[in-house]
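Following: one structure in C-alpha coordinates, then a few remarks.
In our numbering, the protein residues as written are 30 to 116.
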(Lines of atoms letter the chains of each structure in order from A and count residues from 1; the text may use other names and numbers.)
(Lines give C-alpha, C1' and ligand atoms only; values in the text may rest on other atoms or scores of the structure.)
Protein backbone atom coordinates (compact mmCIF):
# COMPACT_ATOMS: atom_id res chain seq x y z
CA UNK A 1 0.00 0.00 0.00
CA UNK A 2 1.32 3.46 -0.90
CA UNK A 3 0.30 6.21 1.48
CA UNK A 4 -0.30 9.88 0.82
CA UNK A 5 -0.46 12.68 3.38
CA UNK A 6 -4.22 12.20 3.69
CA UNK A 7 -3.77 8.50 4.51
CA UNK A 8 -1.24 8.91 7.32
CA UNK A 9 -2.42 7.79 10.75
CA UNK A 10 -2.99 10.68 13.14
CA UNK A 11 -2.21 8.71 16.30
CA UNK A 12 0.76 6.84 17.75
CA UNK A 13 -0.44 3.40 16.63
CA UNK A 14 2.33 3.30 14.04
CA UNK A 15 6.10 3.51 14.13
CA UNK A 16 8.02 4.58 11.04
CA UNK A 17 11.61 4.57 9.84
CA UNK A 18 13.40 5.64 6.67
CA UNK A 19 16.24 3.20 7.50
CA UNK A 20 16.18 0.32 5.01
CA UNK A 21 18.44 -1.94 7.11
CA UNK A 22 16.31 -1.42 10.22
CA UNK A 23 13.07 -1.91 8.29
CA UNK A 24 14.37 -5.19 6.86
CA UNK A 25 15.38 -6.42 10.32
CA UNK A 26 12.08 -5.42 11.94
CA UNK A 27 10.09 -6.97 9.10
CA UNK A 28 11.53 -10.37 9.95
CA UNK A 29 9.10 -10.29 12.92
CA UNK A 30 6.53 -7.62 12.02
CA UNK A 31 5.02 -6.96 8.60
CA UNK A 32 5.46 -3.60 6.91
CA UNK A 33 1.99 -2.10 7.17
CA UNK A 34 2.62 0.47 4.45
CA UNK A 35 5.22 2.67 2.80
CA UNK A 36 4.77 6.44 3.05
CA UNK A 37 6.03 8.27 -0.03
CA UNK A 38 4.68 11.75 0.73
CA UNK A 39 8.27 13.02 0.65
CA UNK A 40 9.56 12.31 -2.88
CA UNK A 41 13.16 11.93 -1.67
CA UNK A 42 12.61 9.66 1.34
CA UNK A 43 10.27 6.73 1.90
CA UNK A 44 9.08 5.79 5.39
CA UNK A 45 8.31 2.20 6.33
CA UNK A 46 5.34 2.02 8.71
CA UNK A 47 4.80 -0.73 11.27
CA UNK A 48 1.96 -1.14 13.77
CA UNK A 49 3.40 -0.20 17.15
CA UNK A 50 3.41 -2.41 20.25
CA UNK A 51 5.66 -2.90 23.28
CA UNK A 52 7.63 -5.79 21.83
CA UNK A 53 8.32 -3.81 18.64
CA UNK A 54 9.88 -1.04 20.71
CA UNK A 55 12.10 -3.62 22.43
CA UNK A 56 13.17 -5.10 19.11
CA UNK A 57 14.18 -1.66 17.82
CA UNK A 58 16.16 -0.98 20.97
CA UNK A 59 17.94 -4.33 20.58
CA UNK A 60 18.80 -3.43 16.98
CA UNK A 61 20.36 -0.09 17.96
CA UNK A 62 22.31 -1.71 20.80
CA UNK A 63 23.77 -4.07 18.18
CA UNK A 64 22.43 -7.04 20.14
CA UNK A 65 19.93 -8.29 17.57
CA UNK A 66 20.86 -11.67 16.12
CA UNK A 67 19.34 -12.86 12.86
CA UNK A 68 20.04 -15.66 10.43
CA UNK A 69 22.05 -14.00 7.60
CA UNK A 70 20.23 -15.64 4.69
CA UNK A 71 16.82 -14.77 6.17
CA UNK A 72 17.91 -11.14 6.60
CA UNK A 73 19.27 -10.90 3.05
CA UNK A 74 16.11 -12.45 1.65
CA UNK A 75 13.96 -10.03 3.64
CA UNK A 76 16.07 -7.09 2.46
CA UNK A 77 15.40 -8.11 -1.16
CA UNK A 78 11.66 -8.37 -0.44
CA UNK A 79 11.59 -4.91 1.16
CA UNK A 80 13.54 -3.36 -1.73
CA UNK A 81 11.26 -5.03 -4.24
CA UNK A 82 8.24 -3.61 -2.46
CA UNK A 83 9.84 -0.17 -2.15
CA UNK A 84 10.76 0.13 -5.82
CA UNK A 85 7.87 -1.89 -7.20
CA UNK A 86 4.96 0.07 -5.67
CA UNK A 87 4.99 3.24 -7.71
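Beta carbons: idealized from backbone N, C-alpha and C, even for Gly.
As the structure is a prediction and not an experimental result, all values here were calculated from the model.
Contacts around residue i, its chain only, beta-carbon distance under 7 Å, and the 5 residues preceding and following it disregarded
{"i": "residue 107", "result": "none"}
{"i": "residue 71", "result": "47"}
{"i": "residue 102", "result": "none"}
Run of the alpha helix (DSSP H) containing residue i, from where it starts to where it stops
{"i": "residue 42", "result": "First-last for residue 42: undefined, no H or E at that position."}
{"i": "residue 106", "result": "98 to 114"}
Opening and closing residue of the beta strand (DSSP E) in which residue i lies
{"i": "residue 136", "result": "Shown here, the chain extends from 30 to 116; a query on residue 136 therefore has no answer."}
Assigned exposure category for residue i - 16 Cβ within 10 Å defines buried
{"i": "residue 52", "result": "buried"}
{"i": "residue 36", "result": "No answer about residue 36 holds up, because its pLDDT of 45 lies below 50 and its placement is not dependable."}
Whole-angstrom C-beta distance between residue j and residue i, which should lie under 8 Å
{"i": "residue 100", "j": "residue 57", "result": "6 Å"}
Notebook entry, point to check: Taking three-plus beta-carbon pairs below 8 Å as touching, is the region 91 to 100 in contact with the region 63 to 70?
Noted result: no
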